[in-house]
Each structure stands twice: as C-alpha cells, then as structure tokens.
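Read left to right, the sequence shown gives residues 1 to 322 (the UniProt record's numbering).
One structure below.
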Amino acid sequence: MNSHTGLPLDGERVLIALGGNAMTAPDGSATPAAQAAAVAAAMEHVADLVAAGAEVALTHGNGPQVGNLLIKNQLAASVVPPVPLDWCGAQTQATIGVLIMNALTRALAARGVSRPVAAVVTRTLVDAADRGFTDPGKPVGRYFPAAEAERFMAMGQSWKPFGERGWRRVVASPDPLEILDAAAAEALLAAGHIVVAAGGGGVPVVRANGTFRGVEAVVDKDLAAELLARRLGAGTLVIATDVEHALVGYGTPRARPLHRTTAAELRALAAAGHFAGGSMGPKVRALLSFVEGGGRRAAITSLDRITEAVEGKAGTIIEREE
Ligand code: ADP
Ligand code: MG
1 MNSHTGLPLD GERVLIALGG NAMTAPDGSA TPAAQAAAVA AAMEHVADLV
51 AAGAEVALTH GNGPQVGNLL IKNQLAASVV PPVPLDWCGA QTQATIGVLI
101 MNALTRALAA RGVSRPVAAV VTRTLVDAAD RGFTDPGKPV GRYFPAAEAE
151 RFMAMGQSWK PFGERGWRRV VASPDPLEIL DAAAAEALLA AGHIVVAAGG
201 GGVPVVRANG TFRGVEAVVD KDLAAELLAR RLGAGTLVIA TDVEHALVGY
251 GTPRARPLHR TTAAELRALA AAGHFAGGSM GPKVRALLSF VEGGGRRAAI
301 TSLDRITEAV EGKAGTIIER EE
C-alpha cells in the first residue's frame, strides 16, 4: 500500500507478535476484564505504529486462555463433551481477535486514523510424524493433583508430574510447516486492513485424505509468527514481550541486556544455552530464521518499544547482512 504519505514508516510491512502480557494482567489474571484491559493497553502501542505509517499484521499467544478452556472442559466433562485442543485454539483466535479489533479501532480513532481491522481464523500445517506426537513435551493448562491426572490419562491424555506443584497435561508442540491461511491475511493487508492472523500459533492441522484435520497440539506462537512474517513479505518482525531485551547470562548475577547484534553472535549465544526453551529460546530462533530467510530486520522488545524497534532503535535486534 505504498501511499507516499510522508510518514516515517510509510508502507513498511511489519509483523508484530504479541506475548501473554498483551492479553493478561501482570499477575497473569485472565478474567475477561483483565484481558480486555491488557489488549486495550497493547493496542495503544500498535496504533502508534500504524499512525507512523506502517502496514501492520499482528499475531498473538493464547496460553492462559487455552488453559482456562481446558479447565472448563475438565470440570464439565460429565455434562458436555470436552472439545479437542485444536477447537480451543480456534475459539481463542476468535475471542482475542475480537478484543483486538475493538480496542485497535478505538485507539486508531483517537489518533484520527480510520482503518479496518480484521481477524483471520488461521490453520497451521504441522507434520503428523513430528516427534512431539510420540513424545509430547509442552505443558498446557494448570497443575492438578495426581488423582485428577490419572483420570485423564485413562482417557488417553499424557500428563507429567512437576514436583510439589502437581501434574500438568503435556501435548505435542510440533514445528509449524506452513501458515495455511496466509493468503487470506495477505489479501486483507493488500486491501488496507490491519490483520490479525495465526493467533496462538495457528490451529494445528495435518494433511488427511486430500484435506486437513485438526490435531491435539499447540504451535509455538513465535515460530508461527516468523513463518507468517515471511509469507506476508514483511520487512520487519518484532516479538513483543514483557522484557525490553533478551539477556545474556539470564538468571545469573552477570546478566546483561543484548542490544543490536549479529545473527552469528545470536546463534552462538543460543548454542551456549543463554535462552530458555519455551520462552526466550523460540523468540531467538524466530529472529534468526527470519533474517536468514530474507527478512530485513528482526527484534525482541517490550510492548511499549515496538515502534522504536521497527525503526531499529530498541530491543535485541539483528539485521540481514547484505
Ligand atoms: P511471551 O508470552 O511474550 O511469549 P514468555 O514468558 O514466553 O513470554 O517469554 C518471556 C520470558 O522469557 C521473560 O519474561 C523471561 O522470564 C524469560 N527468559 C528466559 N530466558 C531469557 C533471557 N535469556 N533473557 C530474557 N528473558 C528470558
Ligand atoms: Mg511464550
């Protein structure tokens, strides 16, 4: 949509991946009011980015929301049939999508910007042979006592003990292969919409009999964000989270923030184990894949710094080497 508006980020296509802190209170509270308030606060920052002229696509996590749905499933299992995990993912894409649509429309209006916002229910293709399906390792939902875990293991679910805190269900977290509905997101972007897609990493599906079938899995939202960013031809990927930088030596007295760096250095630090699996690890992996796959700039930063990160002035940043 290169409209030559003279705005600082005119026509720059950007994908912003929103973390849990954009959708739940700082204490992790996921009441409807807390979720709406967190989304509203996040959309103020996204609206600033749009007002600066960027062409924005959004994606988001859904961990706490899926956790709540799983609890409803469990508590109500004798009354209404539990629904599969891929359905839970689809439901959260819709509810978070609507919260974003409403909040972003309002934040844009306050800046005198009138732009349509749309959320696309998005499927993500995964490999039925992914290791995660035979050895599930991603914990979902809350901790439960052993007796409760046993009840669900008898129904075929995998659960694991986590010491004192109890048991949690574990599911596959297969690598995303393709964002199947990226073309719909692309069409909306090209038509001037701000688009929300691949929420929660996308609804995981496998190929089956010439179509697709949902699977009991969750896709990492940072890895899905990276695929979506490339598929949309975004120049910049920003992973917005609750810390301004990735830290080297995280959790040690010598922890230090990582500012602008190179893909080579970031890769070496990742290999040396500086970024925890399941949290900072996939974000770093996403940055590396994005610039190696032809993206121009990729950053990890906090929600309030996203515009500066797009401008290359905040966060942990790497750029494609010419
Ligand atoms: P999001 O919901 O945004 O994906 P995560 O909790 O998955 O958030 O990831 C962000 C968290 O990663 C930080 O709050 C921090 O606790 C953790 N973390 C792990 N390793 C690092 C690191 N090397 N530097 C900074 N944060 C780290
Ligand atoms: Mg995360």
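Quick reminder that beta carbons are idealized off the backbone N, C-alpha and C, glycines included.
- Query: Where does Phe152 land, buried or exposed, given buried means 16+ other C-beta within 10 angstroms?
  - Reply: Under the 10 Å beta carbon count, Phe152 is surrounded by 16 or more other beta carbons and is classified as buried.
- So who's on the other strand from Gly214, going by DSSP bridges? For Gly214, which the question treats as bridged, DSSP gives the partners Val205.
- Given 8 Å as the limit, is there contact between the stretch 302-318 and the stretch 243-254, that is, 3 or more CB pairs closer than that? Yes, they touch.
- Contact between the stretch 123-138 and the stretch 72-84 (3+ Cβ pairs under 8 Å): Touching, no, given that fewer than three Cβ pairs across the two stretches are closer than 8 Å.
- Message: Please list the terminal residues of the continuous beta strand (DSSP E) segment that includes Pro8.
- Response: It is not in any beta strand (DSSP E) - Pro8 carries neither H nor E in the DSSP assignment.
- Option in Leu180, Trp87, Ala47 and Leu58 with minimal Cα separation from Gln65: Looking only at Leu180, Trp87, Ala47 and Leu58, the smallest Cα-Cα distance to Gln65 is reached by Trp87.
- Message: Please report the straight-line C-alpha distance between Leu189 and Ala57, rounded to a whole angstrom.
- Response: C-alpha separation (whole angstroms): 8 Å.
- What span of residues does the alpha helix (DSSP H) with His45 cover, start to end? The continuous alpha helix (DSSP H) containing His45 extends over residues Pro32 to Ala51.
- Residue from Ala52, Met23 and Asn68 whose Cα sits closest to the Cα of Gly6: Of Ala52, Met23 and Asn68, the residue nearest in Cα terms is Ala52.
- Leaving out five residues on either side along the sequence, give the residues of the same chain with a beta carbon under 7 Å from the beta carbon of Val284. Answer for Val284: Ala246, Leu266, Ala270 and Phe275, listed in chain order.
- Given Ala197 as reference, the closest of Ala129, Ile306, Glu226 and Asp130 once Cα atoms are compared: Residue Glu226 holds the alpha-carbon nearest to the alpha-carbon of Ala197 among Ala129, Ile306, Glu226 and Asp130.
- Message: Just checking Gly61 against the ligand MG - is the residue's beta carbon closer than 7 Å to any of the ligand's heavy atoms?
- Response: For Gly61, the distance from the CB to the nearest heavy atom of the ligand MG is below 7 Å.
- Query: Alpha carbon to alpha carbon, what distance is there between Ile16 and Ile318?
  - Reply: When only Cα atoms are considered, Ile318 and Ile16 end up about 15 Å apart.
- Give every residue of the same chain whose Cβ lies closer than 7 Å to the Cβ of Arg213, excluding the five residues on either side of it in the sequence, and list them in chain order. For Arg213, where only same-chain residues beyond five positions count, the Cβ hits under 7 Å are Val205 and Val206.
- Query: Which residue or residues does DSSP assign as beta-bridge partners of Leu125?
  - Reply: When DSSP reads this structure, Leu125 sits in a beta bridge with Glu178 and Val205.
- Any heavy atom of the ligand COA closer than 7 Å to the Cβ of Gly19? Inclusion of the ligand COA in the displayed structure is not the case, the ligand content consisting of the ligand ADP and the ligand MG alone.
- When the Cβ atoms of the stretch 231-239 are set against those of the stretch 89-107, are three or more pairs found closer than 8 Å? Counting C-beta pairs with one atom in each stretch, the stretch 231-239 and the stretch 89-107 have fewer than three that are closer than 8 Å, which means they do not touch.
- Beta-carbon proximity check, Asn62 vs Thr92, cutoff 8 Å: Less than 8 Å divides the Cβ of Asn62 from the Cβ of Thr92.
- Task: Alpha carbon to alpha carbon, how far is Ala217 from Gly249? Give it in angstroms, no decimals.
- Result: So the alpha carbons of these two residues sit roughly 31 Å apart.
- If you count every other CB in all the chains shown that lies within 10 Å of the CB of Val310, and 16 or more means buried, which is it? Counting of Cβ neighbours within 10 angstroms places Val310 among the buried residues, the total reaching 16 or more.
- Item | For His45 and Asp304, believed in contact at Cβ under 8 Å, the rounded distance | Contact flag correct, Cβ pair sits at about 6 Å.
- State the DSSP-derived secondary structure class of Thr241, mapped to helix, strand or coil. Thr241: strand per DSSP, three-state reduction.
- Message: Please tell me whether, using a cut-off of 7 Å, the distance from the CB of Ala246 to the nearest non-hydrogen atom of the ligand ADP is below it.
- Response: The ligand ADP approaches Ala246 closely enough that one of its heavy atoms is under 7 Å from the residue's Cβ.
- Message: Using only CA atoms, which one of Ala229, His193, Ala37 and Gly210 lies nearest to Val117?
- Response: Nearest option by C-alpha distance: His193.
- Message: So the candidates are Ala36, Pro8, Thr59 and Ala34; which of them puts its Cα closest to the Cα of Val219?
- Response: Nearest in C-alpha terms to Val219, of all of Ala36, Pro8, Thr59 and Ala34, is Thr59.
- Item | Residues bridged to Leu269 [DSSP beta-bridge criterion] | Its beta-bridge partners do not exist; DSSP assigns none.
- Message: Does Gly199 pass the burial test, meaning 16 or more other C-beta atoms within 10 Å, or should it be called exposed?
- Response: Buried, because 16 or more other Cβ atoms sit within 10 Å of the Cβ of Gly199.
- Message: Under 8 Å, with one C-beta from each stretch per pair, do the stretch 137-146 and the stretch 161-173 reach the 3-pair mark?
- Response: Flag = yes, the stretch 137-146 and the stretch 161-173 touch.
- Item | Residue burial classification, Arg165 (beta-carbon count within 10 angstroms, cutoff 16) | With a 10 Å radius around the Cβ and a threshold of 16 neighbouring Cβ atoms, Arg165 comes out exposed.
- Would you call the CB atoms of Thr122 and Val203 closer than 8 Å? Yes, these two residues count as a Cβ contact at 8 Å.
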